[in-house]
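Reading through the structure tokens given below for one structure.
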Amino acid sequence: MASSLAGLPDFLIFFVIATVLVALYLAIYTLATMHNEFALIRENVISAATSLGFSLVGFALPLASAIVHAQTIVDCLIWGLVALAVQITVYWLVRIVMPNLSQRIAAGEMAAALFLGAASLSAGIINAAAMTF
């Protein structure tokens, strides 16, 4: 039993780091967007939940890859921040293609939400695959 729990401290460290990075990601992402995702989600605006949900998964995938490949806690933190920056960049790039993105999501338009979500998820998958440090 003791050998089964030998990795528990490392698990806890990386889990806490990941949780903090997810909270940081949600805080920064929701500040970077031009709409208030959480207020819209509380109002049952499905488009806001969809775009934020896919974006969160798009962040979690490379974060998981960073945890798997990290040699140190610092590696995990740095690559987690890289994943965060990639997702924020994707949001801004999608806004170039669709300047009224936030208004459309706030209005409940699923096409805009799904496009942003797909872009975020795609970037996350590519980002996770590229994290082979």
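If you read the sequence shown in our numbering, its first letter stands for residue 210, the second for the next number, and so on. All residues carry an ideal CB built from backbone N, CA and C; glycine is no exception.
When the Cα atoms are used, what is the spatial distance from glutamate 246 to serine 212? Here residue 246 refers to the residue found at position 37 when the sequence shown is read from its first residue. Here residue 212 refers to the residue found at position 3 when the sequence shown is read from its first residue. If I take the Cα positions, the gap works out to 44 angstroms.
Using the beta-carbon count (16 or more within 10 Å), is proline 218 buried or exposed? Counting from 1 along the sequence shown, the entry for residue 218 is found at position 9. Burial is judged here by how many other beta carbons sit within 10 angstroms of a residue's own beta carbon; proline 218 has fewer than 16 and is exposed.
Three-state secondary structure (DSSP) at valine 306? As a position in the sequence shown, residue 306 is number 97, starting the count at 1. Correct three-state label for valine 306: helix.
Tell me which residues share the same chain as alanine 257 and place their Cβ nearer than 6 angstroms to its Cβ, disregarding the 5 neighbours each side in the sequence. Translated into positions along the sequence shown, residue 257 becomes position 48. Closer than 6 angstroms at the Cβ level, and outside the excluded window around alanine 257, lie Glu246, Leu249, Ile250 and Ile314.
DSSP-derived helix/strand/coil call for histidine 244: In the sequence shown, residue 244 corresponds to position 35, counting from 1. Under the three-state reduction of DSSP output, histidine 244 falls in the coil class, being neither helix nor strand.
Just to check my reading of the structure: serine 260 and alanine 322 have Cβ atoms closer than 8 angstroms, yes? What is that Cβ distance to the nearest angstrom? Here the question's residue 260 lines up with position 51 in the sequence shown. Here the question's residue 322 lines up with position 113 in the sequence shown. Rounded to the nearest angstrom, the Cβ distance from serine 260 to alanine 322 is 4 angstroms, consistent with a contact under 8 angstroms.
Can you tell which of Leu270, Ala294 and Thr281 has the C-alpha that lies nearest to the C-alpha of alanine 236? Reading the sequence shown from its first residue, position 27 is the one you call residue 236. Comparing C-alpha distances from alanine 236 to each of Leu270, Ala294 and Thr281 shows the shortest one belongs to Ala294.
Alpha carbon of leucine 233 to alpha carbon of isoleucine 226, nearest angstrom: Numbered from its first residue, the sequence shown carries residue 233 at position 24. Numbered from its first residue, the sequence shown carries residue 226 at position 17. Linking leucine 233 to isoleucine 226 through their CA atoms gives a straight-line distance of about 10 angstroms.
Helix, strand or coil at alanine 322 according to DSSP, with G and I counted as helix: On the sequence shown, residue 322 is found 113 positions in, with the first residue counted as 1. Annotated three-state conformation of alanine 322 is helix, per DSSP.
Could you tell me the distance, in whole angstroms, from the CA atom of glutamine 296 to the CA atom of isoleucine 222? Counted from its first residue, the sequence shown places residue 296 at position 87. Counted from its first residue, the sequence shown places residue 222 at position 13. Those two C-alpha atoms are separated by around 24 angstroms.
Alpha carbon of isoleucine 255 to alpha carbon of glycine 326, nearest angstrom: The count along the sequence shown starts at 1 and reaches residue 255 at position 46. The count along the sequence shown starts at 1 and reaches residue 326 at position 117. Rounded to whole angstroms, isoleucine 255 and glycine 326 show a C-alpha spacing of 12 angstroms.
Valine 266 versus Ala328, Thr341, Met340 and Ala339, residue with shortest Cα-Cα distance: In the sequence shown, the residue the question calls residue 266 occupies position 57. Shortest Cα-Cα distance from valine 266 to any of Ala328, Thr341, Met340 and Ala339 involves Ala328.
Flag this pair as yes or no: are the beta carbons of asparagine 336 and alanine 279 separated by less than 8 angstroms? In the sequence shown, residue 336 corresponds to position 127, counting from 1. In the sequence shown, residue 279 corresponds to position 70, counting from 1. Result no, Cβ atoms of asparagine 336 and alanine 279 do not sit closer than 8 angstroms.
Would you mind sorting threonine 242 into buried or exposed? The rule is 16 or more other CB atoms within 10 Å of its CB. Start at 1 with the first residue of the sequence shown, and residue 242 comes out as number 33. The residue is buried, with at least 16 neighbouring Cβ atoms inside 10 Å.
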